[in-house]
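One structure below.
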Amino acid sequence: MPDFKTRDFSGDHRWLSINTATVRKQGDLVEILDACTRRGIRAVAPWRDQVAAVGLDAAVRAVRTGELALSGYCRGGMFPADPSKAAEVRDDNRRAVDEAAALGAVCLVLVVGGLPQYSRPGSPASKDLALARSQVEDGIAELLDYAREAGMPLAIEPLHPMYAADRACVNTMAQALDLCDRLDPGRSGALGVAVDVYHVWWDPQLEAQIRRAGRERLLAFHVCDWLVPTTDLLLDRGMMGDGVIDIPRIRGWVEESGFTGFSEVEIFSQGNWWEKPMGEVLDTCIERHRSVV
Numbered sequence: 346m347p348d349f350k351t352r353d354f355s356g357d358h359r360w361l362s363i364n365t366a367t368v369r370k371q372g373d374l375v376e377i378l379d380a381c382t383r384r385g386i387r388a389v390a391p392w393r394d395q396v397a398a399v400g401l402d403a404a405v406r407a408v409r410t411g412e413l414a415l416s417g418y419c420r421g422g423m424f425p426a427d428p429s430k431a432a433e434v435r436d437d438n439r440r441a442v443d444e445a446a447a448l449g450a451v452c453l454v455l456v457v458g459g460l461p462q463y464s465r466p467g468s469p470a471s472k473d474l475a476l477a478r479s480q481v482e483d484g485i486a487e488l489l490d491y492a493r494e495a496g497m498p499l500a501i502e503p504l505h506p507m508y509a510a511d512r513a514c515v516n517t518m519a520q521a522l523d524l525c526d527r528l529d530p531g532r533s534g535a536l537g538v539a540v541d542v543y544h545v546w547w548d549p550q551l552e553a554q555i556r557r558a559g560r561e562r563l564l565a566f567h568v569c570d571w572l573v574p575t576t577d578l579l580l581d582r583g584m585m586g587d588g589v590i591d592i593p594r595i596r597g598w599v600e601e602s603g604f605t606g607f608s609e610v611e612i613f614s615q616g617n618w619w620e621k622p623m624g625e626v627l628d629t630c631i632e633r634h635r636s637v638v
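FYI, the numbering for the sequence shown is 346 to 638, going by my numbering.
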C-alpha cells in the first residue's frame, strides 16, 4: 500500500467512472449510460464510434439526462500518415475535440498512433519509428492550438510497448511528458497525460514520472488488471483484483501528485467480461472499485 493516504473508496463509488468500452458488447451508448445512472455511477468515458452509432445529439441528451460527468473522451490521435492524408488527420482530430466539448469531457484522450500504415490505412508501409514519433509531435502541436480555443485539454496516453507499431509509438510516461514539456512548457493545463495502469504498471520509472507530471499534467487515471497468462494482447484485460497490478500503490502515487479525479475502469475482455450481462459487469466494477482500487 502507498505511504500517502489515498481517498477512501470503500464506502461508496462516487469516484468511479466507467469507460464505455467495458460493456460495449452488451448495449448501445444510451443503454450503457442509463444502466450507469441507475447504479449511481456518476461518470463515464464514451468512445467516438459508440457516440456515432447513436448520434452526437442523442449522446449529449443521455449524458445530460443522467447528470453524468465525463472523465474523458476516447479518442483522438492516430497522427502518423502519408502526407496526402494530412487534412484527413487534422479534420478527424478537430471533430474529436468538438465532440468532446459538446459532451462536456474533462479531456480528449490521445492514442497517438504507430507506423503510418496502421495509424491511417492506405498510407505506404514504413518501418521508420523515429519519423512516426516526429509526426506525432507535429500532429499534437497543430491540434493543441485548436483544442486551446475549444477549451479542451489533450491527454496523451502512453501505451505498452507491444503496441508501438500499430497503436502508439509513445510508450512511457517519460516520452509523453517530454512531449508535454516541449509543446506546453508553461504547464498551462492544456496538455497532459492519461495514466492507464495496464500500459505503464511495469515501468521502473513510473513513480518518478508520475511525480514529474504533477497536478497540471495528470488529466486521467484508468484502471483494470494484467492477467497472467494474458491470452490476447488487446482483448484480455482483467477486472481489477484479478491480476498482478498493484493498483492502490499506483493510485497513491497519482493522488499524492495532486490528481483528484475519477478512477476510470477500462476493460477490453472478449472472452470474459464482454460475454457477461451488463448489470453484472457494472456491479462488479462497483464492488472492485470499493475493495481493490
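C-beta atoms are modelled at their ideal positions from N, C-alpha and C, and glycine is treated no differently.
In the structure shown, His505 falls within a coil segment according to DSSP collapsed to helix, strand and coil. Residue pairing by DSSP places Glu609 opposite Ser362 and His567 in a beta bridge.
Judged by DSSP secondary structure, Asp526 falls within the alpha helix (DSSP H) whose first and last residues are Met518 to Leu528. From the listed residues Arg352, Gly537 and Met497, the smallest Cα separation to Arg557 is found for Gly537. In the displayed model, Trp392 falls within a strand according to three-state DSSP. With distances taken between CA atoms, Val389 lies nearest to Ala565 out of Phe604, Ala565, Leu572 and Trp618.
Look at Leu476 here: in three-state DSSP terms it is helix.
In the structure shown, Gly597 adopts helical secondary structure according to DSSP, grouped into three states. The residue among His567, Ala477, Ser416 and Arg512 with its C-alpha nearest the C-alpha of Gly583 is His567. Going by C-alpha positions, Cys569 is about 5 Å away from Met585.
In the pairwise beta carbon analysis, the segment 438-448 is classified as touching the segment 409-428: at least three pairs are separated by under 8 Å. Going by DSSP, Cys452 is part of no beta strand (DSSP E) at all; its letter is neither H nor E. Of the residues Gln480, Glu494, Arg359 and Asp483, the one whose Cα lies closest to the Cα of Asp443 is Glu494. In this structure Leu572 is not in contact with Ile363, their Cβ atoms being roughly 20 Å apart against a cut-off of 8 Å.
A contact between stretches requires three or more CB pairs, one per stretch, nearer than 8 Å, and the segment 508-517 meets this requirement with the segment 455-472. With respect to the 8 Å criterion, Pro391 and Thr367 are not classified as neighbours on the basis of their beta carbons. Residue pairing of Asp541 in beta bridges, as defined by DSSP: His567.
Distance from the Cα of Val599 is smallest, within the candidate group Leu361, Asp541, Val610 and Ala470, for Asp541.
For the pair of segments examined, the segment 424-431 was found not to touch the segment 395-410: the number of CB pairs separated by less than 8 Å stays below three. The three-state secondary structure of Arg556, taken from DSSP, is helix. The beta carbons of Val545 and Met518 sit about 6 Å from each other, so the pair counts as a contact at 8 Å. With fewer than 16 other Cβ atoms inside 10 Å of its own Cβ, Leu579 counts as exposed. Counting of Cβ neighbours within 10 angstroms places Gln395 among the buried residues, the total reaching 16 or more. Separation of Arg596 and Val638 (C-alpha to C-alpha, rounded to the nearest whole angstrom) is 8 Å. Looking at Asp379, Gly372 and Gly421, the one whose alpha-carbon comes closest to that of Ala539 is Gly421. Excluding its 5 nearest sequence neighbours in each direction, Ser355 has C-beta neighbours in its own chain below 6 Å: Arg635, listed in chain order.
DSSP places Ser614 within a strand segment (E or B) once states are collapsed to three.
According to DSSP, residue pairing for Leu415 in a beta bridge involves Val389 and Ala450.
No Cβ-Cβ contact shorter than 8 Å links Asp587 with Gln615. Per DSSP, Leu460 lies in no alpha helix (DSSP H) and is assigned neither H nor E. Burial check for Gly467: the Cβ neighbour count within 10 Å stays below 16, so the residue is exposed.
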